[in-house]
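Reviewing the structure listed below.
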Amino acid sequence: MNELEPADVSKYFPTYAVPQTDLVSAAQFWAAKTPDNPVFYFTDGEGGEDVCLTYRQLDQAARAVAARLQQDGSAEGQRVLVLYPPGLDFVVGFFGTLYAGAIAVPAFPPRKNRKGARIQSIAEDCSANWALSITSVCDLIHSDESAQQDLAGATILATDQISLSLADQYKPVAINQMAPAVLQYTSGSTGQPKGVVLSHACLVRNSELILLAFEPGPGGGCSWLPLYHDMGLVGGVLEPVFLGRPNVLMSPMSFLQRPARWLQTISKYRVAVSGGPNFAYQLCVDKVSDADMEGVDLSCWSVAYNGAEPVRASTLDQFTEKFAKYGFKRSAFLPCYGMAETTLIVTGGPTASRPFFRTFDAQALDQRKVVPVATDDGTDKCRTLVGCGAVLANENLIVVDPDTLEELPPGRVGEIWVQSPSVGKGYWRKPQESQRTFQAFTVAGRGPFLRTGDLGFLFDGQLFVAGRLKDMIIVRGVNRYPQDIEITVEDAHKSIQSGSVAAFALQIDERERLVITAEVQRGAQQNWDEVIQAIRRRVTEVHELPPEAIALVRFGTLPKTSSGKIQRHACMNDYKNNVLKIVAQWKLGEVQMLKQEPMIAASTIEAPARENGSIKSLLKDPNLQDKDPHPEIVRVVIGAVKAVAQERAEDVNLDTNIVLDLGLDSLERLQIAHSLEQQFGGRFPEDVLQDIDTVRQVSAAIEELFGVERIHRSLTEAVAAEEVLHSREVTPEDYQFDLLPEYRRLKMTMSELLSTGVRNPYFAAHQGVVRDTTLIGGRELISFASYNYLGMSGDPTVNKAVVDAVNKYGTSCSASRLVSGEKDLHQKLERRIAKWIGVEDSIVMVGGHATNESVIGHLLGPGDLILHDSLSHNSIVQGAILSGARRRAFPHNDWRALERILHDIRDKYRRVLVIVEGVYSMDGDYPELPKFVEIKQRYKSWLMVDEAHSIGTMGKTGRGVSEHFGIDANLVDIWMGTLSKSFGSCGGYIAGRRELIEYLKYTTPGFVFSVGLSPSNAAAALASIDVLEANPDRVEKLRTNSRLFLEEARKRGLNTGDSSGTPVVPIILGNSLVALKLADRMVSQGVNVLPILYPAVEEAAARLRFFINSTHTEEQIMFAVQLVEESLRELYPEYFANSNSAVA
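The numbering used here puts the sequence shown at residues 15 to 1158.
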């Protein structure tokens, strides 16, 4: 395989041809072409302020770091430890190292009071020249003698202290593609670490292979994986820079503490590509609640990669079943296979067949034979495996007998050997191991290949991984895969913890024997003899191999890798060395069972005499070190511990070690921390969270980090509020309606109106159908005051449909539709509306105003942002207020102003909803919808269009503004409309994606707890759409009438504002009294039109508002416009002298 030959990935770069030589060139390329585009975000997953890094910023910061490394001479070839906590500093430090031509060595940073054996072994193995991190970590190293010894010989450098001005001093380095770029130390290696040497070319070739495997569509990515881990580094950092798309990074602890954060972030950023090991998906299945998923939409997630450990079919099934209702698609799953020795990926995809399940004969697999069976009958005779993808372009993968080195034919299980341009150069300074692993040849002389140490086979174009060769259990000449035995143990008894079993072979009496170690579930109080007997019986029955020994150990104590995989060899060593935290055990020939360890360990007894832990160094107030934390804080902490630990926390006290004494695992510990953060409204820094173990330490950390005053305010807020309420004297204005200040202001306004001598224009009773004319007080008037735009109200066909519906269904639904008020009319109408607009589904509600209030108030909440047009309808504003989200108006129809706002503050909010109207009911203009669609896509926001006045009136056939602009209606997230205008009925609707509508139907309070739309109104709307479809000329007639009115008004010098091409035409007068008198004059002369006065609009915008409809005649329109002009010349002659009056 030619490492220097790039793959053809041109289809993923339609605009730019990214350099395919090295990632330094790629980063510099994007910095030149798209400097202000985000390349990384870092989020806490809780709706806080996310941090953004653009290509320009990355390039400048990397050049500054590189320049600092170059200050003492060339840094090319030097080994640089990259020791950062999760965050964007890692990205800067890593690329700064590559920019300098040095070799990056990612590793987990040192921690307080933790042994640094792994860091020390890596630093010594690579002879590190530098160690890069942030100031807090560097200060820790300088203050900790053991940490200094671990990194002896390396210069410690805090990159967050480097001035960006140094970037100008950077000396560009000619990158040699074959030169080492990264030393990737394999997971779990401490005693004899092995650093895989990855060249610059390896990184690019594997980035290409990821594209070929994932076949990504539009959209960015998200990763919570450790950045020093191969999957987190290559998939989370390098691939985004190569591809030129943004990636959202999150701390692993944020995910483990609350897995819902991962899914919420995918939804928030509309992430297309994200994934992790199998356990991550299982953790979401086990820990994420429906409440966590409120408002989450996973439909954007098109590639959900799953690798780094065995992929379980049951997990994929459970995840799909649980999250399908939130938009997750099963076809998004992309199981894949790879390792650090191949940079990352080896196999994955293709899109057309994933995920790929096949069932095989279990006994045949044990004999290294592949015998497919038609279906999994649920017995132990069958085994369903998940395919890990196809072999990718420019790769070669063969299956080899690991003993004879013969290449095996299809249908046989053997060791997986790989040739790939992204295979590493070997292990750093370990020539013999490198020769054995990276330079393997078959017995026929074919090679060189990488020996993966994994067993597998190719079937139907997919790679299936069957286990690890070095972990293979061979007893009495029969091979057993350890993971198969481990699954059997998990299923043997309910007290065994899933994913926490290790099966291995030990030499006992010169023979290989099966030993099983298994964690028991937290706080399980079982008959341990019964559990062990169940395991013995089940393993012997399924695998025909009786165990030699079984050890049940405390929850969370078996060794695992950073990605959560069980470390079988470490478990075996711990077993041999008698260091396991054993609850009970059994050995063949022994009958005595060990009793369970006491739940209160010696650590608690010794605690009062010890230091209270590393939190001491955190506290700023030395007095806090000698006294107990605030008792109210302690009470809340203990309550949070008991809520999780339950019966295990009966005797909890200040010095109880939450993990060791109560037997909690790390996830439970994080659950407690999250509960306390919610209670006190703060956040534990990750370095502190790792160091606090006892109730005392946790309480002291809260007191120090969150602030005593703030905590006290949180604890006493409710009581204080109650005291304030009781301290105020109640007056009659508080309970007598006639004395309410608001009512008195209304009466004052009405008095002022009456004092003008003009009749009250409001609540005039109409005595018949209002179309082009109306009947008020026995007088027929030309009507321009109703929005019966298409004359559907009063249409004979519509009237008949209403009568028929009342005869069939009655006059009311008499119940919420969710309960028993659903009519087939509702379903027909909702399907009809969705089809009319061009989207998947819709929901109808009893009122337009209530629709906006209910839906906006339901979809958004605190931590979200609503951006609406400054002229938005009251229902939109009220819905935004109801939601509790931050509300901000942007200048009318100004999409540029909207973009500026989003550019500045989008990353501070979880969800952002942008709301515009199809036609603005006060001004009769409409938005440039394609621009708003473009902006909402760019800033990953929702776009809602209120079509109350545009549905039926805009577009050639009345299908609204999407038809008017010729855009796909599905590009808008939420369509809102009313039934009372063009559709001659009453009510409101929301239309959009099927998932949105399903969610609203089952959860929106204004729908769930409200009666359904009456049968008569449903029938009227349904019939109106039918009539409109059969008679599209009504829309054209409406358009002709509107154009005539507007043109005639402008000819006469009347100010019609921004109205254009809509049936809403204002005559702006700029004086409320003039508007009131003019409306009165119009009524007296036979034209009904209503004034819009201050404070409904600004005084300068006071107006008459004319609603045009399709039934108006040319004569009626000409008469009305002429009457306005003549009346104005009498009432307000100076109007025509005002230069702002006429709008050409």
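We treat Cβ as the ideally placed atom computed from N, Cα and C, and that holds for glycine.
Where the alpha helix (DSSP H) through residue i begins and ends
| i | result |
| --- | --- |
| Ser328 | 327-337 |
| Glu1129 | 1128-1145 |
| Thr149 | 149-157 |
Continuous beta strand (DSSP E) stretch holding residue i: start and end
| i | result |
| --- | --- |
| Tyr55 | 52-57 |
| Pro120 | 117-120 |
| Thr361 | 359-362 |
| Ile672 | First-last for Ile672: undefined, no H or E at that position. |
Status (buried if at least 16 other CB within 10 Å, exposed otherwise) for residue i
| i | result |
| --- | --- |
| Asn143 | buried |
| Leu760 | exposed |
| Asp707 | buried |
| Phe946 | buried |
| His1126 | buried |
| Arg450 | exposed |
| Phe1023 | exposed |
| Lys995 | buried |
| Ala1044 | exposed |
| Glu717 | buried |
| Glu1148 | exposed |
Short Cβ contact (8 Å threshold) for residue i with residue j
| i | j | result |
| --- | --- | --- |
| Phe256 | Leu37 | yes |
| Gln296 | Leu18 | no |
| Thr361 | Leu422 | no |
| Leu566 | Val593 | no |
| Phe798 | Phe1021 | no |
| Ala193 | Ser221 | no |
| Ile564 | Leu572 | no |
| Leu1159 | Val105 | This structure does not reach residue 1159, given that the chain is present from 15 up to 1158, and the question cannot be answered. |
| Ala322 | Pro291 | yes |
| Tyr803 | Pro1109 | no |
| Thr111 | Ala118 | yes |
| Asn1055 | Leu795 | no |
| Tyr30 | Leu225 | no |
| Val744 | Leu719 | no |
Other residues of its chain near residue i: CB distance less than 6 Å, five sequence neighbours each side excluded
| i | result |
| --- | --- |
| Glu737 | Summary for Glu737: the model assigns pLDDT 45, below 50, so the residue's position carries little reliability, and this model does not support an answer. |
| Pro324 | Gln497 |
| Tyr934 | Leu885 |
Inter-residue Cα distance where the pair is residue i and residue j
| i | j | result |
| --- | --- | --- |
| Ala538 | Phe569 | 9 Å |
| Tyr319 | Lys837 | 43 Å |
| Arg551 | Leu379 | 22 Å |
| Arg902 | Ser1086 | 28 Å |
| Trp44 | Leu1014 | 41 Å |
| Ser1223 | Ala78 | Nothing about residue 1223 can be reported from this structure: the residues present for the chain run from 15 to 1158 only. |
| Phe293 | Ile686 | 21 Å |
| Leu312 | Ser512 | 26 Å |
| Lys595 | Arg275 | 32 Å |
| Asp786 | Gly877 | 48 Å |
| Asn813 | Lys282 | 46 Å |
| Gly852 | Gly991 | 14 Å |
| Val1111 | Trp238 | 50 Å |
| Lys849 | Asp855 | 8 Å |
| Gly966 | Gln332 | 45 Å |
| Arg259 | Gly234 | 5 Å |
Residues near residue i by beta carbon distance below 8 Å, same chain, minus five either side
| i | result |
| --- | --- |
| Met586 | Ala516, Phe518, Leu520, Val529 |
| Leu896 | Glu867, Ile870, Gly871 |
heavy atom of the ligand SAM below 7 Å from residue i C-beta
| i | result |
| --- | --- |
| Pro266 | Looking for the ligand SAM in the displayed structure turns up nothing, as the structure carries no ligands at all. |
7 Å CB neighbourhood of residue i in its chain, flanking five on each side removed
| i | result |
| --- | --- |
| Phe371 | Ala327, Thr398, Val400 |
| Gly440 | Val211, Ser448, Phe452 |
| Thr200 | Lys208, Val210, Ala354 |
| Val1088 | Leu1145, Tyr1146 |
| Lys484 | Gly467 |
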